[in-house]
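Residue numbers (the UniProt record's numbering): 1 to 308. Each remark here refers to the structure printed beneath this line.
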């Protein structure tokens with residue numbers, strides 16, 4: 001009989017489909033699941049769906065769990081989750097996380113060698129249509145290097161040539177990993193892929209490049225009452241300027257969910273929503289965005305915004 005739960009790490013850049021994969025795992029897995037979700041921004045949004053499914057959930061926001069700014073809370077979260085004795089603990093790191101110190105975190109959270117949980121390794125989700133991300137963001141290269149399984153997700157949004165180029169880059173970074181091309185992170189025999197795929201060890205005492213000084217910028221935009229058309233126009237023009245936009249907004253005609261990565265803009269009507277009308281915007285540390293944000297917003301909307 002298994003005394004300790006298994007731990008699975010889900011990594012991947014902003015908007016690649018990590019949460020979609022986790023939902024697929026939750027649907028397919030028979031047993032008690034504990035989930036630790038790391039949102040880089042100043043608010044969490046994915047947690048509400050998970051709470052509705054009765055999942056044991058801990059959310060850690062406003063930083064990377066592998067950075068010194070959140071690492072102690074991450075260690076405490078693992079200890080708390082182990083005490084609840086789930087069959088499987090899933091850790092969803094933020095899209096800006098470098099998970100190289102996962103081994104250190106696990107050693108601190110499970111100091112007794114007799115109680116070490118089985119670490120299943122890392123699965124990394126990549127947006128197959130955005131080769132430039134790997135080239136421009138070293139943290140994504142780190143996520144690839146530690147993965148035992150890599151999903152080239154959104155494969156339907158690109159062509160064969162780009163997929164082959166992406167596969168080549170991934171194999172160069174991690175020759176031992178297994179690569180699957182997916183849509184909506186749908187993986188046949190998902191359970192076997194998770195539990196039977198030979199592990200590419202990442203639970204080694206490495207050092208993460210995540211530091212408070214290297215953090216990307218996060219802006220929380222609050223507003224309500226703007227027209228859906230005005231918000232959508234703002235998102236289409238502004239989203240390519242930043243790394244990620246995510247949130248739930250009250251418009252003049254109801255609530256909408258926002259989920260944007262680059263030029264991929266999703267803006268859909270909501271039945272159930274959070275109490276706060278806001279969106280989190282994540283941008284590169286070196287790129288000033290506030291002036292441009294205000295300029296584009298005022299072009300399409302006359303409602304006031306609050307920025308934090």
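Note that CB positions come from ideal geometry on N, CA and C, so glycine has one too. From a predicted model like this one, the values you see are computed outputs, not experimental measurements.
Check, Outcome
"How far does the alpha helix (DSSP H) with residue 109 in it extend, from its first residue to its last?", "102-109"
"Residue 137 lies in the alpha helix (DSSP H); which residues open and close that run?", "Premise fails: residue 137 is in no alpha helix (DSSP H) and is neither H nor E."
"Below 8 angstroms, can you find three or more Cβ-Cβ pairs linking the stretch 115-124 to the stretch 141-149?", "yes"
"Over what stretch of residues does the alpha helix (DSSP H) that includes residue 81 continue unbroken?", "71-83"
"Tell me which residues share the same chain as residue 55 and place their Cβ nearer than 7 angstroms to its Cβ, disregarding the 5 neighbours each side in the sequence.", "26, 33, 35"
"Would you mind stating whether residue 283 and residue 220 have Cβ atoms separated by less than 8 angstroms?", "no"
"Should residue 297 go down as buried or exposed, given a rule of 16 or more other Cβ atoms within 10 Å for buried?", "buried"
"Which same chain residues end up closer than 6 angstroms to residue 143 when comparing Cβ atoms and leaving out the 5 residues on each side of it in sequence?", "11, 124"
"For a test of the three-state rule: what should DSSP assign to residue 287, helix, strand or coil?", "coil"
"Does residue 144 come out as helix, strand or coil in the three-state DSSP assignment?", "helix"
"Could you please give the first and the last residue of the uninterrupted beta strand (DSSP E) stretch that includes residue 247?", "244-251"
"Let me confirm a value: residue 61 is counted as buried when at least 16 other C-beta atoms fall within 10 Å, else exposed. Which label applies?", "buried"
"To the nearest angstrom, report how far apart residue 260 and residue 68 are at their CA atoms.", "28 angstroms"
"Return the CA-CA distance between residue 94 and residue 31, expressed in angstroms with no decimal places.", "25 angstroms"
"For residue 59, verify whether its CB is less than 7 angstroms away from any heavy atom of the ligand FMN.", "Looking at this structure, you won't find the ligand FMN or any other ligand, since it has none at all."
"Alpha carbon to alpha carbon, how far is residue 270 from residue 254?", "8 angstroms"
"Can you check whether the CB of residue 97 is closer than 8 angstroms to the CB of residue 349?", "Outside the modelled stretch of the chain, which goes from 1 to 308, sits residue 349, for which no answer is possible."
"Taking buried to mean at least 16 other C-beta atoms within 10 Å of its own C-beta, is residue 18 buried or exposed?", "buried"
"If I follow the unbroken beta strand (DSSP E) through residue 218, where does it start and stop?", "217-222"
"For the stretch 218-234 and the stretch 244-251, state whether three or more C-beta atom pairs, one from each stretch, are separated by less than 8 angstroms.", "yes"
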